[in-house]
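First the structure, in the form of structure tokens, and then the observations on it.
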Amino acid sequence: MAPLNHILALSVILFGLGAAGFVIRRNIITIFMCIELMLNAVNLAFVGFSRYLGDLSGQIFVFFVIVVAAAEAAVGLAIIIAVERNRQTLAIDEIDSMKM
Amino acid sequence: MIQDYLPILIHMVIVVVLALALMGLSSWVGVRRPTREKNAPYECGIPPVGNAREKFSISFYLVGMLFILFDVEVAFLFPWAVVYKSLKWFGFIEMFIFVGVLFAGYIYIWKKGALDWSR
Amino acid sequence: MSTVQASDFICILPQIILSGFAILVMVFEPFVPAARRVMLGWFALFAVASAGAALAWTSTLPGTAFGGSVEASFFSIFFMALFLLVAALCLLGSFDYLARDHVQHGEYYALILMATVGMCFMASSTELILVFLGLEISSISTYILAGFKRQDALSNESALKYFLLGSFATAFFLYGIAFVYGLSGTTNLTALAERIHAQSSPPIMLWVALLLMFIGLAFKVSTAPFHVWTPDVYQGAPAPVTAFLSVGPKAAAFAVMLRVFLVTFAGEGAVLFWLLWISAALTMIIGNLGALAQTNVKRMLAYSAIAHAGYVLVGLATGGEEGSASVMFYLLVYALMNVGAFLLIAHLAGTGEHWTNIEDFRGLGFERPGVAACLTALMLSLGGFPTTAGFLGKFYLFRAAVGAGLTGLTVIAVVTSVISVYYYLRLVVVMYMQEGTPQAPSAPMPWPLRVALAVCVAGIFLLGLFPGNVLTLAHLAAMPLP
Chain A
-9 MAPLNHILAL SVILFGLGAA GFVIRRNIIT IFMCIELMLN AVNLAFVGFS RYLGDLSGQI
51 FVFFVIVVAA AEAAVGLAII IAVERNRQTL AIDEIDSMKM
Chain E
3 MIQDYLPILI HMVIVVVLAL ALMGLSSWVG VRRPTREKNA PYECGIPPVG NAREKFSISF
63 YLVGMLFILF DVEVAFLFPW AVVYKSLKWF GFIEMFIFVG VLFAGYIYIW KKGALDWSR
Chain S
5 MSTVQASDFI CILPQIILSG FAILVMVFEP FVPAARRVML GWFALFAVAS AGAALAWTST
65 LPGTAFGGSV EASFFSIFFM ALFLLVAALC LLGSFDYLAR DHVQHGEYYA LILMATVGMC
125 FMASSTELIL VFLGLEISSI STYILAGFKR QDALSNESAL KYFLLGSFAT AFFLYGIAFV
185 YGLSGTTNLT ALAERIHAQS SPPIMLWVAL LLMFIGLAFK VSTAPFHVWT PDVYQGAPAP
245 VTAFLSVGPK AAAFAVMLRV FLVTFAGEGA VLFWLLWISA ALTMIIGNLG ALAQTNVKRM
305 LAYSAIAHAG YVLVGLATGG EEGSASVMFY LLVYALMNVG AFLLIAHLAG TGEHWTNIED
365 FRGLGFERPG VAACLTALML SLGGFPTTAG FLGKFYLFRA AVGAGLTGLT VIAVVTSVIS
425 VYYYLRLVVV MYMQEGTPQA PSAPMPWPLR VALAVCVAGI FLLGLFPGNV LTLAHLAAMP
485 LP
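Protein chains in written order, with my numbering: chain A, -9 to 90; chain E, 3 to 121; chain S, 5 to 486.
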């Protein structure tokens, strides 16, 4: 049985990777996947805490996070498709028509 | 403590050595006589048609996204089913409302033509 | 396991009504011919009105429901009334806009209702799971609304940026919740407060958790340095949607901030105080200076919205009953000013929102004196001129801050709001003093929009001259906050 420290360390690493990827990556789909990675790092932390505390509400939280993430993914992909159709690109740097 | 992991280490070493040995042997001993058919992506008898990087119809994505949504909602049915008996009528009605909301969404996407495969 | 009673459902009746009607609008949408879709809008407005009636009933039965996860208190009722008002005003302002720009789809109305449900849950919930769900329901609905003009590249871009940064912020907020949960073993805010006060020395992890939650919420209320998305999103989104999302989700996130930071984590005062202090100062400076350089009205108002979030943060940093009450009063005033301004610009910008540059408003004061007077009143209130509610709102915020000894922050706030007068008045000057004719073709103002604007402008002057009753309500609502 893995101790809480290890689970949290993994969760922090995953969250950090996601956040770093969000800032560094330039492709919208990759950025989107980085967000999903961050959400799953959160899920991992919740499950780890839940087992450590012997309390179920953390796992219930994970349920809701998963469902919300799915809804977010559907909406996000729809928005990305709309952008791609209008601009024929998925590079975030090229989508800046409102800068002064 | 650390010795407990020794069998796993041995196992990993064996796996790596065996895999490398088999792949190395086959590329060293094996005979290669390439033909056009053999180089085709799938050697299953049917000649490949068109480009593999062809754009998919948008309805693939649409159906995929809708699938994710309805699929994940089912996750809520499992915990409900586990405690169904102790929840009695309240749980039944709650789930009825939940599925009812999903059904409303289904009617919506159906009437909107999102499930129309031929579009 | 606690049993569920009928009173539990009464407690969330406004939310139930809104969700029910939202689903109905959604299901009816494909069956209603395009020419008559505006009926769905009126249906949605009826839903908001019934939710308001339900809220009035709920307010007579204060208490908690569903095992202490939702509450009906003056605090929640004040905010829910604010959200319903904003939703109603935005609906009134959208009917003709959607028809004009050829995006008359019923989903718009359903999404406004759903976003309102989410915001209501954010304000009324004392359970972090529910706060998170409310946040996401309102966020996801507003992502779609921002990109509602599917064929319009700017609207697409706005939705994309709002979506990416919004979900990024959500992840931070969630991670903060995860750590708080790990430290205390509960996600119920009331139980959380007790357990955290019981601990003698707050661990570093609690501060990390607080910081993460703060970052998440700071994105939602667009405070510096997490404001970068705001100008693009507000500029690109359809103007009535901008009216909605510059006010609704922001006020809801401030409600969560009030509850979480001033009640649950009141023990971490010192850390939070400096966090809020620095963030408030930065936000006011960046927002007001940024607005000076803008040539696009929507973008200018976006920076102005950032600046106003800064003023509200001053009230949060002040804390206490005085601070919280002035925050609530200001949020109401801000809602009226901002919704009014964006709805008016939605009308003036013409088909496809083609004319949104400040120069496009030249000579409007002579061509359409009524409209120009209306816009002038809104700008004066945003700038904080006396006799308008904008002045009183700022006055209460700053007086509370000085009373609590936050002189430095108050000086920054006053100086930056004096700077802000420049860019608000510039629009007025362009309308009245510059020669020329307005660029946008002059269209008669539809009457639902007239009603919405009348409510906004009348509200500004009423609250500016007779704030007594509303202020008393805000104080009552702030009472349970220590």
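Cβ coordinates follow ideal geometry from the N, Cα and C atoms, glycine included.
- Per the DSSP secondary-structure output, residue 361(S) pairs in a beta bridge with 300(S).
- Cβ-Cβ separation between residue 353(S) and residue 247(S): approximately 12 Å, too far for a contact (criterion under 8 Å).
- Residue 87(S) places its beta carbon less than 9 Å from that of residue 127(S).
- Close partners of residue 3(A) in chain E (Cβ separation under 8 Å) are lacking, with about 22 Å as the shortest Cβ gap.
- A direct Cα-Cα distance of roughly 43 Å separates residue 85(S) from residue 79(A).
- Sequence-distant Cβ neighbours of residue 450(S) in its own chain, meaning closer than 6 Å and more than five residues away, are 100.
- By the Cβ-count criterion, residue 44(A) is exposed, with fewer than 16 other Cβ atoms from all chains shown falling within 10 Å of its own Cβ.
- The region 28 to 41 of chain S makes contact with the region 94 to 113 of chain S, as at least three CB pairs between them are under 8 Å.
- Between residue 455(S) and residue 96(S), the C-beta spacing is below 9 Å.
- Around the C-beta of residue 437(S), fewer than 16 other C-beta atoms lie within 10 Å, and the residue is accordingly described as exposed.
- Identification of chain S residues near residue 106(E) by a Cβ-Cβ cut-off of 9 Å yields 27, 28, 30, 31, ordered along the chain.
- For residue 76(S), the enclosing beta strand (DSSP E) has its first and last residue at 74 to 76.
- Among the residues facing chain A, residue 16(S) is not included, as its CB has no counterpart in that chain under 9 Å away.
- Judged by DSSP secondary structure, residue 369(S) falls outside any beta strand (DSSP E) and instead within the alpha helix (DSSP H) spanning 368 to 371.
- The residue among 58(A), 54(A), 37(A) with its C-alpha nearest the C-alpha of residue -6(A) is 37(A).
- When C-beta atoms of the region 315 to 335 of chain S are compared with those of the region 390 to 405 of chain S, three or more pairs fall below 8 Å, so the two segments count as touching.
- With respect to chain A, the C-beta atom of residue 74(E) has a partner C-beta closer than 9 Å.
- By the Cβ criterion, the region 347 to 361 of chain S is not in contact with the region 418 to 434 of chain S, since fewer than three pairs of Cβ atoms, one from each stretch, lie closer than 8 Å.
- Counting only runs of 3 or more residues that sit fully inside the region 41 to 78 of chain S, the beta strand (DSSP E) segments are 67 to 69, 74 to 76, in chain order.
- Counting only runs of 4 or more residues that sit fully inside the region 372 to 404 of chain S, the alpha helix (DSSP H) segments are 373 to 387, in chain order.
- A distance of 9 Å or more separates the beta carbons of residue 170(S) and residue 159(S).
- Contact with chain E is absent for residue 120(S), since none of that chain's Cβ atoms lies less than 9 Å from the residue's Cβ.
- Within the region 133 to 208 of chain S, no complete beta strand (DSSP E) segment of 3 residues or longer occurs.
- In this structure, residue 225(S) sits near residue 257(S), with a CB-CB distance shorter than 9 Å.
- Where residue 479(S) is concerned, the enclosing alpha helix (DSSP H) starts and stops at 472 to 482.
- Residue 255(S) places its beta carbon 9 Å or farther from that of residue 52(S).
- The alpha carbon of residue 367(S) has as its nearest neighbour, out of 444(S), 21(S), 307(S), the alpha carbon of 444(S).
- Below 8 Å, too few C-beta pairs join the region 11 to 25 of chain E and the region 190 to 207 of chain S to call them touching: fewer than three.
- Residue pairing of residue 131(S) in beta bridges, as defined by DSSP: 192(S).
- Contact annotation: the region 9 to 17 of chain S touches the region 66 to 76 of chain S, with at least three C-beta pairs closer than 8 Å.
- Taking all protein chains in view, the Cβ of residue 86(A) is surrounded by fewer than 16 other Cβ atoms within 10 Å, so the residue is classified as exposed.
- Taking a 10 Å sphere around the C-beta of residue 5(E), we find fewer than 16 other C-beta atoms and assign the residue as exposed.
- Judged by beta-carbon spacing, residue 83(S) lies within the 9 Å limit of residue 259(S), meaning their Cβ atoms are closer than that value.
- When 303(S), 291(S), 474(S) are compared, the shortest CA-CA separation from residue 335(S) is found for 474(S).
- Within chain E, no residue has its beta carbon less than 9 Å from that of residue 37(S); the closest one is some 13 Å off.
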